[in-house]
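No gaps in the numbering here: position 198 of the sequence shown is 211 in this note's numbering, and each next residue is one more.
Note that CB positions come from ideal geometry on N, CA and C, so glycine has one too.
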Amino acid sequence: MPLRKMLISGGGTGGHIFPAIAIANAVKKRYPDVEILFVGAEGRMEMEKVPAAGYKIAGLRIQGMPRKVTLKWFSFFRDLLRSMVKARRIMKEFNPDVVVGVGGYASGPMLKIATQKKIPTVIQEQNSFPGKTNKMLAKSVSRICVAYDGLEKWFPKDKIVLTGNPVREDVVQLEGKRARAAELFGLNAEIKTILIVGGSLGARTINEAVHYSIERFKAAGVQVVWQTGKSYFPVAQKAVQDAQAENIKVMDFITRMDLGYAIADVVISRAGAIAISELCLVRKPVILVPSPNVAEDHQTKNALALVNHHAALLVKDADAKEQLATTVLELLENEEKCHSLHRNIGGLGFTNSAEAIASVIADLVK
C-alpha cells in the first residue's frame, strides 16, 4: 500500500526541526506523491523554517510544562486543552496514514491522539536519555527510532530501531570547501580556526566565556568564528570592535554551516543531539559545553556518550568562563590529541539516518 499522507509533529529548536525536514525529504524520495503536513507550536521557529523548506505546517498554541507551581500552570493547562481540541480536528481532517513525532511541544498531543486512533506512529528520539513525553508514549507507539545504544532501559526493546539522527546532508559534506569558507568569513585558510556555536538560539554561558577571553584569542594568533544567536550579537559585535580583534568574526546565525565546519580546526559546541550527530560525521575535534537548562540534563548525558569513547572533551557550563579558552588553545597546540579525537568521533557517526527512518515508516504502512 503506498503512503498517501504523513503527519510530522514537533519542533521548537533547530535540533528538532532539521531532522523532521530530513525525514520528510527522505520519505518524499520514496513516495513522490505523498502529502506531508507538519504540526508545530505557534510562535516557535518551525512556523518559519518548515514553510521555507517547502512543506505545509499547522500551529498549536502550546507551551512547556512549568517546572514550579505558579500561575503559569493555569495558562499551561488552558493552552493544552485548546491544543488537544485543535489537534483532534487536524487529525480528523488530514487523516494521516502514519504520524511521526520528533520532540518538542506539539509532538505529545499529536502522538497521543494518533495512538488512540490506532494510526501507526513513530517516535524519533534524538538523545541518549529520553524525555518524559516519549517515555510515557513508548508503550503505545509503533516504533522508536533512536541514535544511541542502551535505550531499552526506558523503551520496549522490540520497538527500538537504531537509526542515528538525521542531519542535513549538505552540512556534513566538507571536501574542498575550506578555501571557500575562508573567503565567506574573511579569514586566512592557512591559520588555525576555532568555530564556536551555541545552537540555533545561541548559548549565554558560552558567549560570556568567549567575551571574557577575547584578548586571549587575539593574542594567541588564532582565528575565531563566533555564532552568538540574535540576542547576544550586538554585545559581542561591540566587544570585538572595541578590542580591535580582527581575527574574531561574529555572526548571529551561520546560514552555511557546512562552511563553518569546513574552516574549523576545533569546534566548541553545546551538546544537543543533532549537533553531536553532525560533529560525528564532519569528524572535527570538539569541546562540548552541555547546557544545564534542559529537561533531564540530557545534554550532559549526550556529551558523556562521546567523552566515554575518548571522542570529545567536556567543559562544564559552570566552569566555561575560567576554563574554555585555556582548554581550546591547549587542544589546538596538541596535534596528537586532535588526531585522536578526529579518529574516535568519526567512528560514532551514522550515515543515511533519514533513509533508515523512512524505511521504518514504509514497513509500518505496508
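Counting only the Cα atoms, Gly117 lies some 10 Å from Gly28. Taking the CA atoms as reference points, Ile219 sits about 10 Å from Trp239.
Excluding five sequence positions before and after Pro169, the CB atoms of its chain that fall closer than 7 Å to its own CB belong to Ala151, Lys152, given in chain order.
With fewer than 16 other beta carbons inside 10 angstroms of its own, Met149 counts as exposed. Selection Lys329, Ile75, Lys105 evaluated against Gly24 yields Ile75 as nearest (Cα-Cα). Bounds of the beta strand (DSSP E) holding Lys262 are 261–264.
Counting only residues of its own chain and dropping the five nearest sequence neighbours on each side, Cys351 has a CB closer than 6 Å to the CB of Pro298.
In this structure, Gly285 is the residue among Gly285, Cys293, Leu377 with its C-alpha nearest to the C-alpha of Gln139. In the DSSP secondary-structure assignment, Leu327 is bridged to Leu301. For the 8 Å CB-CB criterion, Ile276 and Arg191 form a contact. A direct Cα-to-Cα measurement between Ala35 and Thr206 gives close to 29 Å. Rounded to whole angstroms, Gly56 and Ala66 show a C-alpha spacing of 17 Å. Cβ contact annotation for Met104 (same chain, cutoff 6 Å, sequence separation greater than five): Ile126, in chain order. Selection Leu124, Val302, Arg156 evaluated against Asp376 yields Arg156 as nearest (Cα-Cα). By the Cβ rule, the region 252–259 does not count as touching the region 353–361, because fewer than three pairs are nearer than 8 Å. Using a C-beta cut-off of 8 Å, the region 333–352 makes no contact with the region 309–325, since fewer than three inter-stretch Cβ pairs fall below that distance.
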